[in-house]
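A short write-up of the structure that comes next.
Number of protein chains: 2
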Amino acid sequence: MGRPRSFDEDAALTGAMEVFRRKGYVAASIRDLEEATGLKAGSIYHSYGDKAGIFAAAMTHYNRAVVDARLAEHAPVCAGLAGLRNLFVSLMHEPNGTSFGCLITNSAIEFGGSTKVPNGVDIGLRTLAATFEQRLRAAHRSGALRRDLKPAVAASRLIALYQGVLVLVRAGWDKPALERMIKDEFKHLGGEYDA
Amino acid sequence: MGRPRSFDEDAALTGAMEVFRRKGYVAASIRDLEEATGLKAGSIYHSYGDKAGIFAAAMTHYNRAVVDARLAEHAPVCAGLAGLRNLFVSLMHEPNGTSFGCLITNSAIEFGGSTKVPNGVDIGLRTLAATFEQRLRAAHRSGALRRDLKPAVAASRLIALYQGVLVLVRAGWDKPALERMIKDEFKHLGGEYDA
DNA sequence: ACCATTTTAGAACGATCAATCAAGAACGGA
DNA sequence: TCCGTTCTTGATTGATCGTTCTAAAATGGT
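Keeping their order, the protein sequence lines are chains A and B. Using the working numbering, the first residue of the first sequence is number 1, and each one after it goes up by one. Using the working numbering, the first residue of the second sequence is number 1001, and each one after it goes up by one.
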């Protein structure tokens, strides 16, 4: 059956993913990818077809290895609204030097000008939105959510807030102010306010 | 005194701006800029130094000609909270084919990976945030804002929501859902909710 | 009219881009 | 063992990148 692959595909995709997160799709060169994956250009093209191919693979890897893991770590089902809040707050506590940005946000912006937004962007956004809505519905049932709030609309606000926070963090916006804002938002969701 | 410029600098910068909004900084080539500005490469380099120079000029032009104009059109001081709401809603009513995206958001993402975020990003963001806060403070004084809301925190939420909406629109997210979310958010701000 | 100065135009530069190719190396099945 | 297949490597391709350069065209001051 021929020679098997000698490289660790997960490690290679992780490297590629980091390059794309840091520099974006266009600015990431094949030589950057060689360095980050440990593969030579020939191997990259053999395994993934072209630059768009390894990007698609890296994006899929991101959704599975980063987004899903982040949701599971900070906002498991049992953690309720507080878990969601932790998820948001965690966006601002990544060490500055090793911050790569969100591949979903970055790709939405970079490819959004053309008509061809990568599938992974939509998949990632839907994963986030579905998780938000699920947690809000559970909070709605348990009474943890303010009674006059509709989970679907609140989830819509959270997905927008989430992307907005990622933009502002990347722009170097004041993090303490963002954190205050997030805590305030979740106070609202929990109904800890007088009208 | 030598020969004066024969091209319309505003028109040239508008063209350059559109290219950068649509394709991003890296993907925009000097040849793209030649076509969009009507200038030849030599003239561009003579007038703006290098690619980063014409980008900086385009960014300044954007803040003055697009951001300020948009704020004045949709959210003048007299329009109060409703003006802000119109501003948000207008983000989703740009004709699809001619949508260029927001140069501030796009640049924050594209340059955010490096340590050098362009000045124009911060300037534009501060303009938006300051306007939001000013309108919210006015609404606070007039009683149009829910009494338990602090204008500064609410402005912080609005700037994040604003950037988030721009990301989602660029990603092709469901616009009617976004519009419902925005209208809901402004209902909250106006206190039109029971607790 | 003439000069000094600046803007244009277009060709040209080296560097780097994504992608290809040929050849050898390494494995599984027979 | 040996064959067929697949993987790896490094050199190489043509295209395009940002930038520079040269020379002509155009203007204002004197």
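We put the beta carbon where it would ideally sit given N, CA and C, even for glycine. These numbers come from a predicted model, not from an experiment.
CB contact flag (residue i, residue j, <8 Å)
{"i": "Val121(A)", "j": "Ser107(A)", "result": "yes"}
{"i": "Met92(A)", "j": "Val169(A)", "result": "yes"}
{"i": "Ala1155(B)", "j": "Leu1136(B)", "result": "yes"}
{"i": "Leu1087(B)", "j": "Ile1054(B)", "result": "no"}
{"i": "Arg180(A)", "j": "Val1153(B)", "result": "yes"}
{"i": "Leu197(A)", "j": "Leu149(A)", "result": "With chain A represented from 1 up to 195, any question about residue 197(A) goes unanswered, as that position is not in the structure."}
{"i": "Glu1133(B)", "j": "Leu1161(B)", "result": "no"}
{"i": "Gly1101(B)", "j": "Gly113(A)", "result": "yes"}
{"i": "Leu1071(B)", "j": "Thr1131(B)", "result": "yes"}
Top-ranked residue by Cα proximity to residue i, from the options
{"i": "Lys1023(B)", "options": "Gly49(A), Glu110(A), Leu87(A), Ser47(A)", "result": "Glu110(A)"}
{"i": "Ile159(A)", "options": "Val1019(B), Ile1182(B), Asn1063(B), Arg1070(B)", "result": "Ile1182(B)"}
{"i": "Thr127(A)", "options": "Tyr25(A), Asn63(A), Gly38(A)", "result": "Asn63(A)"}
{"i": "Ala69(A)", "options": "Ser90(A), Gly53(A), Trp173(A), Ala16(A)", "result": "Ser90(A)"}
{"i": "Thr105(A)", "options": "Lys1040(B), Phe1020(B), Gly1164(B)", "result": "Gly1164(B)"}
{"i": "His1061(B)", "options": "Asp1174(B), Arg1085(B), Gly1042(B), Glu1009(B)", "result": "Glu1009(B)"}
{"i": "Pro176(A)", "options": "Gly1112(B), Arg1085(B), Arg1157(B)", "result": "Arg1157(B)"}
{"i": "Lys187(A)", "options": "Val117(A), Met59(A), Arg85(A)", "result": "Arg85(A)"}
{"i": "Asn119(A)", "options": "Tyr45(A), Ala58(A), Thr131(A), Gly42(A)", "result": "Ala58(A)"}
{"i": "Ala56(A)", "options": "Gly101(A), Val117(A), Pro4(A)", "result": "Val117(A)"}
{"i": "His46(A)", "options": "Arg5(A), Ala65(A), Asp174(A), Glu73(A)", "result": "Arg5(A)"}
Distance cut-off 7 Å: residue i Cβ against heavy atoms of the ligand GTP
{"i": "Tyr1062(B)", "result": "With respect to small molecules bound, the structure shown includes none, and the ligand GTP cannot be examined in it."}
Beta-carbon proximity list for residue i, same chain, < 7 Å, skipping 5 on both sides
{"i": "Leu1039(B)", "result": "Phe1007, Ala1012"}
{"i": "Ala36(A)", "result": "Gly15, Ala16, Glu18, Val19"}
{"i": "Ala28(A)", "result": "Val19, Phe20"}
{"i": "Ala1041(B)", "result": "Ile1030, Glu1034"}
{"i": "Glu94(A)", "result": "none"}
8 Å Cβ shell around residue i - same chain, five flanking residues per side excluded
{"i": "Val1026(B)", "result": "Glu1110"}
{"i": "Leu1178(B)", "result": "Met1092, Val1165, Leu1168, Val1169"}
{"i": "Ile1044(B)", "result": "Ile1030, Leu1033, Glu1034, Thr1037, Ile1054"}
{"i": "Asp1067(B)", "result": "In the sequence as presented, Asp is not what sits at residue 1067(B); that position holds Val. Ile1104, Gly1124, Thr1127, Leu1128."}
Neighbourhood of residue i by C-beta distance below 6 Å, restricted to the same chain and skipping five residues each side
{"i": "Ala75(A)", "result": "Gly83, Leu84, Leu87"}
{"i": "Gly191(A)", "result": "Arg146"}
{"i": "Ile123(A)", "result": "Asn63"}
{"i": "Pro151(A)", "result": "Glu133, Leu136, Arg137, His140"}
{"i": "Val1077(B)", "result": "none"}
{"i": "Ala195(A)", "result": "Only weak support exists for where Ala195(A) lies, its pLDDT of 42 falling under 50; the value from the coordinates is given anyway. Nothing listed; no residue qualifies."}
Exercise for review: Taking only beta carbons into account, state which residues of the stretch 1079-1107 of chain B come closer than 7 Å to chain A, listed in chain order.
Suggested key: Gly1101, Thr1105, Asn1106
Practice item. Name, going along the chain, the residues of the stretch 47-79 of chain A whose beta-carbon falls closer than 7 Å to a beta-carbon of chain B. Key: none
Exercise for review: Kindly confirm or deny that the stretch 1078-1094 of chain B and the stretch 1144-1158 of chain B touch, where touching means at least three C-beta pairs closer than 8 Å.
Suggested key: yes
Review point. Is the number of C-beta pairs between the stretch 40-50 of chain A and the stretch 1131-1143 of chain B that are closer than 8 Å three or more?
Key: no
Practice item. Could you name the residues of the stretch 107-128 of chain A whose beta carbon sits closer than 8 Å to any beta carbon of chain B, in the order they occur along the chain? Key: Ala108, Ile109, Glu110, Gly112, Gly113, Val117, Val121, Asp122, Leu125
Check your understanding: What residues in the stretch 1171-1194 of chain B have a beta carbon less than 8 Å from any beta carbon of chain A?
Key -> Ala1171, Gly1172, Trp1173, Ala1177, Leu1178, Arg1180, Met1181, Asp1184, Glu1185, His1188, Gly1191, Tyr1193, Asp1194
Review point. Along the stretch 1017-1036 of chain B, what residues have a CB closer than 8 Å to any CB found in chain A?
Key: Arg1021, Arg1022, Lys1023, Gly1024, Val1026, Ala1027
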